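Student: Encoded as structure tokens, here's the structure I'll be asking about.
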Amino acid sequence: MLISIVFSVGLYRVSSDDLDRNINNQVSYYRGFLSPFDLNNYSQIRQHQLNQDRSHLKANLIALNVVVFALGGVVSYALARRTLEPIEESLEAQKRFAADASHELRTPLTAMQSETEVALRDPKISKTEAVALLKSNLEEVAKLRDLSDGLLRLANQNGKSGSVHDVDLPVAAKAAVERLSKAAESKNIKITEKYAAARTRGDKQNLVDLTAILLDNAIKYSPSGSEVIVSTNQRGKHGVLRVEDHGQGIAAVDLPRIFERFYRADTSRNKDQADGYGLGLALARKIAEAHNGHIEVKSTVGKGSTFTVYLPAS
Ligand code: ADP
Numbered sequence: 001m002l003i004s005i006v007f008s009v010g011l012y013r014v015s016s017d018d019l020d021r022n023i024n025n026q027v028s029y030y031r032g033f034l035s036p037f038d039l040n041n042y043s044q045i046r047q048h049q050l051n052q053d054r055s056h057l058k059a060n061l062i063a064l065n066v067v068v069f070a071l072g073g074v075v076s077y078a079l080a081r082r083t084l085e086p087i088e089e090s091l092e093a094q095k096r097f098a099a100d101a102s103h104e105l106r107t108p109l110t111a112m113q114s115e116t117e118v119a120l121r122d123p124k125i126s127k128t129e130a131v132a133l134l135k136s137n138l139e140e141v142a143k144l145r146d147l148s149d150g151l152l153r154l155a156n157q158n159g160k161s162g163s164v165h166d167v168d169l170p171v172a173a174k175a176a177v178e179r180l181s182k183a184a185e186s187k188n189i190k191i192t193e194k195y196a197a198a199r200t201r202g203d204k205q206n207l208v209d210l211t212a213i214l215l216d217n218a219i220k221y222s223p224s225g226s227e228v229i230v231s232t233n234q235r236g237k238h239g240v241l242r243v244e245d246h247g248q249g250i251a252a253v254d255l256p257r258i259f260e261r262f263y264r265a266d267t268s269r270n271k272d273q274a275d276g277y278g279l280g281l282a283l284a285r286k287i288a289e290a291h292n293g294h295i296e297v298k299s300t301v302g303k304g305s306t307f308t309v310y311l312p313a314s
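By our numbering, the letter at position 94 of the sequence shown is numbered 94, and the numbering carries on one by one without gaps.
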């Protein structure tokens with residue numbers, strides 16, 4: 001706007017001086033032909049025209065500046081909105097995250113507080129009851145620790161793939177199966193491994209964590225005695241890692257949201273909170289994306305789910 005005003009004032013001055021000079025030249029030219037009276041009249045007419053021209057020029061320049069001001073305002077507003085939008089979104093996401101995290105923290109804390117208060121109000125509390133209370137509190141503490149571990153892992157997974165090496169996907173998958181073999185055994189779930197050669201570049205530990213999250217879910221959300229299949233293969237430009245279960249499945253309404261932080265499908269929401277906090281798949285997706293990969297899920301309620309991770313082949 002300032003540039004436009006300076007430019008307009010300059011233009012006005014230069015044009016006005018030019019017009020002045022022009023009239024003076026004309027008047028001096030006619031001095032030889034016209035009587036002093038006619039010359040005076042001629043000079044007055046030209047001066048009048050000059051004043052009109054100046055007013056026109058001034059009006060046009062003012063109109064131009066008003067248009068520049070209005071356009072500049074609209075464009076600046078649009079640009080400012082565009083720049084601020086991602087910042088607003090990330091602030092909003094942070095707020096939501098803090099609200100969700102404190103909501104999840106409150107549940108075990110409230111349980112511990114009310115149990116302890118009830119016990120303290122009972123003067124005749126027996127040793128057995130006190131031990132039961134401490135055990136219950138310990139369970140809640142374990143839940144809080146799991147939650148804080150999950151939050152920390154999510155915060156530390158900053159979108160980068162950590163140390164980058166060639167990773168053999170069957171080796172990573174086997175490590176995850178080993179990590180969860182006890183959980184599978186205790187639910188009498190059979191893990192079948194079907195490995196074909198597949199490689200990617202990335203952080204092996206992160207890829208083991210990613211497989212373990214999918215496997216952990218497959219075990220958690222499957223009935224005892226069922227089968228979970230872990231497989232790898234190379235497809236085109238991708239190393240593929242797949243975890244398939246024959247469990248409860250995921251409803252179509254929940255599917256688009258299961259990768260959101262703290263999202264738990266209704267069926268699992270009613271279950272004991274020890275099952276999780278809805279952070280696993282959010283972390284799994286972050287790890288896949290940090291490796292320039294992605295996760296796809298297919299699921300049918302009552303039949304089971306298949307999670308497939310596509311990673312760039314090395
Ligand atoms: P959680 O800790 O609740 O398991 P996740 O982020 O790992 O959190 O999963 C989010 C939700 O997606 C779960 O609460 C569950 O409802 C659903 N889900 C994930 N994996 C499976 C699966 N293999 N079978 C059925 N439901 C699943």
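Where a beta carbon is used, it is the ideal one built from N, C-alpha and C, also for glycine.
Here the structure is a predicted model, which means the values were calculated and not measured.
What would DSSP say about L311, mapped onto helix, strand or coil?
Tutor: In the structure shown, L311 sits in a strand (DSSP, three-state: E or B).
Student: Can you tell me where the alpha helix (DSSP H) with V141 in it begins and where it stops?
Tutor: That run of the alpha helix (DSSP H) goes 127 to 156.
Student: What does I295 pair with, by DSSP beta-bridge criteria?
Tutor: I295 is bridged to V309.
Student: So for E118, helix, strand or coil by DSSP?
Tutor: Reading off the sequence shown, one finds Val at residue 118, where the question assumed Glu. Correct three-state label for V118: helix.
Student: Please classify H246: does DSSP put it in a helix, a strand, or coil?
Tutor: Looking at H246 - three-state DSSP - the assignment turns out to be coil, as it is neither helix nor strand.
Student: The alpha helix (DSSP H) that contains V27, what's its start and end?
Tutor: First-last of the alpha helix (DSSP H) with V27: 2 to 30.
Student: Please identify the residue among K174, L207, L215, L214 whose C-alpha is closest to the C-alpha of Y195.
Tutor: That would be K174, whose Cα lies nearest to the Cα of Y195.
Student: Under 8 Å, with one C-beta from each stretch per pair, do the region 138 to 158 and the region 174 to 183 reach the 3-pair mark?
Tutor: Cβ pair count under 8 Å is below three, so no.
Student: Could you say if the region 65 to 78 and the region 103 to 118 meet the contact criterion of at least three C-beta pairs nearer than 8 Å?
Tutor: Touching, no, given that fewer than three Cβ pairs across the two stretches are closer than 8 Å.
Student: So, does the CB of N40 fall closer than 9 Å to a CB anywhere in chain D?
Tutor: Judged by its chain identifiers, the structure shown contains no chain D, having just a single protein chain.
Student: Would you tell me roughly how many angstroms separate the C-alpha atoms of H238 and H294, rounded to the nearest one?
Tutor: Spanning the two alpha carbons is a distance of roughly 10 Å.
Student: Closer than 8 Å to a non-hydrogen atom of ligand 1 - does that hold for the CB of A282?
Tutor: Yes, Cβ of A282 sits closer than 8 Å to a heavy atom of ligand 1.
Student: Going by C-alpha distance, which of H246, Y263, E244, A101 is nearest V253?
Tutor: Checking every option, the nearest Cα to that of V253 belongs to Y263.
Student: Can you grab the Cα-Cα spacing for the pair A290 / R96, in whole Å?
Tutor: For A290 and R96, the distance between alpha carbons rounds to 23 Å.
Student: Please confirm whether L241 and L207 have their CB atoms less than 9 Å apart.
Tutor: Yes.
Student: Taking buried to mean at least 16 other C-beta atoms within 10 Å of its own C-beta, is S231 buried or exposed?
Tutor: S231 is buried by the Cβ-count criterion.
Student: Do you know how far the Cα of S43 is from the Cα of S35?
Tutor: Taking the straight line joining both Cα atoms gives about 12 Å.
Student: Which of helix, strand or coil does DSSP assign to V164?
Tutor: Of the three classes helix, strand and coil, the one that applies to V164 here is coil, per DSSP.
Student: From what residue to what residue does the alpha helix (DSSP H) around E185 run?
Tutor: Element bounds for E185: 181 to 186.
Student: Whole angstroms is fine: what's the gap from I87's alpha carbon to S224's?
Tutor: So the alpha carbons of these two residues sit roughly 46 Å apart.
Student: Could you have a look at I191 and say whether DSSP puts it in helix, strand or coil?
Tutor: DSSP places I191 in strand when its eight states are reduced to three.
Student: In the DSSP output, what is E92 paired with across the bridge?
Tutor: Note: E92 sits in no beta bridge, so no partner.
Student: Give me, in chain order, the residues of the same chain whose beta-carbon lies closer than 7 Å to that of A212; leave out the 5 immediate sequence neighbours on both sides.
Tutor: Cβ within range, chain order: A176, R179, L180.
Student: Alpha carbon to alpha carbon, how far is L169 from E193? Give it in angstroms, no decimals.
Tutor: So the two alpha carbons sit approximately 12 Å from each other.
Student: Of the choices D216, F33, F37, F7, whose alpha-carbon is the least far from that of L279?
Tutor: The shortest C-alpha separation from L279 is found at D216.
Student: Quick check on the burial criterion: 16 or more other C-beta atoms within 10 angstroms. Buried or exposed for K124?
Tutor: Per the 10 Å Cβ criterion, exposed.
Student: May I have the straight-line CA-CA distance separating V222 from R285, to the nearest angstrom?
Tutor: Looking at the sequence shown, residue 222 is not Val but Ser. Computed Cα separation, rounded: 21 Å.
Student: Grab the span of the alpha helix (DSSP H) containing R285 for me, first residue to last.
Tutor: 280 to 290 is the span of the alpha helix (DSSP H), which, as asked, contains R285.
Student: By how many angstroms is the C-alpha of F69 removed from the C-alpha of R269?
Tutor: Model confidence at R269 stands at a pLDDT of 47, short of 50, so the residue's coordinates are unreliable; what they give is reported in the following sentence. Straight-line Cα distance between these residues: approximately 56 Å.
Student: Quick check: does the Cβ of F7 come within less than 8 Å of any heavy atom belonging to ligand 1?
Tutor: No, ligand 1 has no heavy atom inside 8 Å of this Cβ.
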